[in-house]
Structures are given as structure tokens and as C-alpha cells.
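With numbering that gives the first Met the number 0 applied, the sequence shown has no gaps in its numbers, which climb one by one up to 132 at the end. We put the beta carbon where it would ideally sit given N, CA and C, even for glycine.
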Amino acid sequence: MLLVGHGVSLWRKARASQGWPTVTGKVLDSHVSASTYKGSTVYVPRVIYEYTVGTRPYQSQHRGVGDAVGQSEAAAELVAARYAPGTTVWVFHDPADPGDAVLEHAAPSALPWFLIGVAVVMFALWGWWRSAG
Numbered sequence: 000m001l002l003v004g005h006g007v008s009l010w011r012k013a014r015a016s017q018g019w020p021t022v023t024g025k026v027l028d029s030h031v032s033a034s035t036y037k038g039s040t041v042y043v044p045r046v047i048y049e050y051t052v053g054t055r056p057y058q059s060q061h062r063g064v065g066d067a068v069g070q071s072e073a074a075a076e077l078v079a080a081r082y083a084p085g086t087t088v089w090v091f092h093d094p095a096d097p098g099d100a101v102l103e104h105a106a107p108s109a110l111p112w113f114l115i116g117v118a119v120v121m122f123a124l125w126g127w128w129r130s131a132g
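Here you go:
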């Protein structure tokens, strides 16, 4: 159930971000992080950028809503290359909390979390139904 809630939360935030105001920003750093777990390596593009809302400067690492999902090395390198240091970018920020910002509206990781959550709930309900009957 927690995964379903997480997926729905990411989806809602991604939809809300489509109406957020934009400002220009500047990429400070862009690289690929590698993590190995149980013999499998996943790669995550990391983008650090700065932007100003009104007179207040901000810095963020959020490329998109729920963007920490690992990718292949080639896919992560393509994303990192798209956000080369010094690049001017559009930054979408939450008007209620300008420190909450993204570079991309889509939530590519929300759907998998939602589907995994639905599958877990369905499996639990199936097990309960089988044991009750």
C-alpha cells in the first residue's frame, strides 16, 4: 500500500509541476553516479543547478519528480551530457516553496512505483482470499 501511495504522490507532484512558474537557471555540475547492489550496477545522472526566484538564490539537484531511478550507463551519460556545466536551463519551481524545483515535468519513476504497489496489494488480497476460502 505504501508503494501505491508513493506512486500516486509522485504522479500528483509531476502534474502540479506542469503549472509551476519558470525561471532561468545555470547548471553547476553534471555527472553519473554508480551504485552496485547484489552484483548489479545502476547509474543515476546527477545534475546540480542554481536559480533565483525574486532576489533569493537557490540550488537544487532535482532533475525531475522522482528522478532517482537507476538507468543503464549509456542512458545516464546521455542525460548528464544534456545538462553540461554552464548550460542555461529552465527551472520549474513550486510557487509555495521556491526551493522545490525541477528541470523536467514528467515523473518517469512514478508509474513503476504505482504498478509495483498495485501488484503487491493484489497479491496480498489474493493470498487473503485463498486463506479465507
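- Annotation: the continuous beta strand (DSSP E) that includes R45 extends over S39 to V52.
- Pairwise C-beta distances place the region 85-102 in contact with the region 17-34, as three or more of them are shorter than 8 Å.
- Around the beta-carbon of S34, fewer than 16 other beta-carbon atoms lie within 10 Å, marking it exposed.
- Using a 10 angstroms sphere on the CB of P44, the tally of other CB atoms reaches 16 or more, which defines it as buried.
- Taking G85 as the centre and dropping the five residues before and after it, the same chain places the C-beta of K25 and V26 closer than 8 Å to its C-beta, in chain order.
- Per DSSP, R81 is not a residue of any beta strand (DSSP E); the alpha helix (DSSP H) it occupies stretches across E72 to R81.
- The alpha-carbon separation between G63 and D93 amounts to approximately 13 Å.
- Distance from the CA atom of D96 to the CA atom of P56, rounded to whole angstroms, is 13 Å.
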